[in-house]
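First up is the structure itself, then whatever we jot down about it.
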Amino acid sequence: MKFLGGRAMVDRVPAATAITKTPDEQDYPAAATDRDGGVWVAYRTFTADPKFRGIRWTLPSDDEIKKFDELKEVNHGDQLMLARYANGVWSKPIAITEGRGDLFKPAVAADGSERVWVFWSANQGGNFDLYARPVVKNNPGRTIKLTTDSGPDVAGCRNRCEWKCDCRLAGISKRTISDSRNAPKKGDGIFGRDHSRVNQLQRMESCD
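Residue numbers for the sequence shown follow the working numbering, beginning at 77 and rising by one.
Here's what the structure looks like:
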């Protein structure tokens, strides 16, 4: 809409709504819709050590700091949560993982039935691996570990594109993940199978 003879313009924008209202830090939201039109949002919440809230450090009288042990965090960490929006109301968050973890960027998908899947990367013993957990009727199921190899679970292609999982979820059964699409047809692709311990991942399209 234009005003003042075209010298000013006003655009309508969607209103923002706070999903979380806790003193902890929330970030990396990921969203998916289910077959009933509900919106599921997975996010990471970080709880800091209580001693790190607010002003917490008093310098010694000589202004020289000799020990930094006080800066070590003990009671802190990440946790993944999942909430659903339906009929104008957000549900109470569902805990997908335990607290005090070392987690990174969740992803969420609805598989067409009543299951919602949450995926994430977690550091266990100095190694990040991928994990998945289904939620059925607001009840979290068993956590599935998708990778076991040491080192980062990332990949790239010739034109320096970094991959993130981008596949349509067909289903998970017997510790097997399947993609509803076929193997790569052209260009760079990432695909592999290991039914014994991990998953079946097929067909990552080539970069644009």
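In this text, a Cβ means the ideal position worked out from N, Cα and C, and glycines have one as well.
For residue 222, the nearest candidate out of 86, 209, 213, 214 (CA to CA)
Along the sequence shown, read from residue 1 onward, the residue named residue 222 stands at position 146. Nearest neighbour of residue 222 by Cα position, chosen from 86, 209, 213, 214, turns out to be 209.
Closest by C-alpha distance to residue 114, when choosing among 104, 196, 164, 168:
Within the sequence shown, residue 114 is the residue found at index 38, counting from 1. The shortest Cα separation from residue 114 among 104, 196, 164, 168 belongs to 164.
C-alpha distance - residue 241 paired with residue 184, whole-angstrom precision:
Translated into the one-based positions of the sequence shown, residue 241 becomes position 165. Translated into the one-based positions of the sequence shown, residue 184 becomes position 108. Residue confidence for residue 241 is low, a pLDDT of 43 falling below 50, so the modelled location carries little weight; the figure read from the coordinates is stated next. Straight-line spacing of the CA atoms in residue 241 and residue 184 works out to 11 Å.
Could you give the residue range of the beta strand (DSSP E) that holds residue 214?
One-based indexing of the sequence shown puts residue 214 at position 138. Secondary structure note for residue 214: it is in no beta strand (DSSP E), with a DSSP letter that is neither H nor E.
Nearest to residue 158 by alpha carbon, out of 78, 102, 224, 226?
Numbered from its first residue, the sequence shown carries residue 158 at position 82. Just measuring C-alpha positions, the residue of 78, 102, 224, 226 sitting nearest residue 158 is 102.
At least 3 beta-carbon pairs within less than 8 Å: the segment 141-155 vs the segment 167-184
Three or more Cβ pairs drawn from the segment 141-155 and the segment 167-184 lie within less than 8 Å of each other, which places the two stretches in contact.
Decide if residue 85 is buried, meaning its Cβ has at least 16 other Cβ atoms within 10 Å, or exposed.
The sequence position of residue 85 within the sequence shown is 9, counting from 1. Residue 85 should be labelled exposed.
Have a look at residue 95 and residue 220 and give me their C-alpha separation to the nearest angstrom.
Taking the sequence shown and counting its residues from 1, the one referred to as residue 95 is at position 19. Taking the sequence shown and counting its residues from 1, the one referred to as residue 220 is at position 144. In a straight line, the C-alpha of residue 95 is about 27 Å away from that of residue 220.
What's the C-alpha gap between residue 98 and residue 106?
Here residue 98 corresponds to residue number 22 of the sequence shown, with the count starting at 1. Here residue 106 corresponds to residue number 30 of the sequence shown, with the count starting at 1. In a straight line, the C-alpha of residue 98 is about 19 Å away from that of residue 106.
Spatial neighbours of residue 93 in its chain, beta-carbon cut-off 6 Å, leaving aside the 5 residues before and after
Numbered from its first residue, the sequence shown carries residue 93 at position 17. Residues of the same chain with a CB within less than 6 Å of the CB of residue 93, apart from the 5 flanking positions on each side, do not exist.
Beta-carbon proximity check, residue 194 vs residue 118, cutoff 7 Å
Taking the first residue of the sequence shown as 1, we reach residue 194 at position 118. Taking the first residue of the sequence shown as 1, we reach residue 118 at position 42. Contact flag set, yes.
Within the continuous beta strand (DSSP E) that includes residue 92, where are the two ends?
The residue given as residue 92 occupies position 16 in the sequence shown. Counted as a single uninterrupted DSSP element, the stretch harbouring residue 92 is not any beta strand (DSSP E), since DSSP gives it neither H nor E.
Does DSSP put residue 241 in a helix, in a strand, or in coil?
If you number the sequence shown from 1, residue 241 lands on position 165. With a pLDDT of only 43 at residue 241, under the threshold of 50, the placement of this residue in the model should not be trusted, and no figure is reported.
Could you tell me which of 186, 216, 224 sits nearest to residue 201, measuring between CA atoms?
Position 125 of the sequence shown, counting from 1, holds the residue named residue 201. Comparing alpha carbon positions, the residue from 186, 216, 224 closest to residue 201 is 224.
Starting from residue 180 and walking both ways along the beta strand (DSSP E), at which residues does that stretch end?
As a first step, residue 180 must be located in the sequence shown, where it is residue number 104. Residue 180 -> beta strand (DSSP E) spans 179-186.
Burial state of residue 192, where buried means 16 or more other Cβ atoms lie within 10 Å:
Taking the sequence shown and counting its residues from 1, one reaches residue 192 at position 116. Buried.
Is residue 99 helix, strand or coil when you go by DSSP?
Along the sequence shown, one-based indexing puts residue 99 at 23. Here residue 99 sits in coil by DSSP.
In chain order, what residues of the same chain lie with their CB nearer than 6 Å to the CB of residue 128, ignoring the 5 residues before and after it?
Position 52 of the sequence shown, counted from the start, is the residue given in the question as residue 128. Within the same chain, no Cβ atom closer than 6 Å to the Cβ of residue 128 is found once the five residues on either side in sequence are excluded.
Between which two residues does the beta strand (DSSP E) harbouring residue 192 extend?
Here residue 192 refers to the residue found at position 116 when the sequence shown is read from its first residue. 191-200 is the span of the beta strand (DSSP E), which, as asked, contains residue 192.
Who are the Cβ neighbours of residue 78 in its own chain at under 6 Å, not counting the five residues just before and after it?
In the sequence shown, counting from the first residue as 1, residue 78 sits at position 2. Take residue 78, set aside five residues on each side of it, and the residues of its chain with a beta-carbon closer than 6 Å to its own are 85, in chain order.
Considering just the uninterrupted stretch of the beta strand (DSSP E) at residue 115, what are its terminal residues?
Sequence index remark: in the sequence shown, residue 115 carries index 39 (1-based). Residue 115 -> beta strand (DSSP E) spans 115-123.
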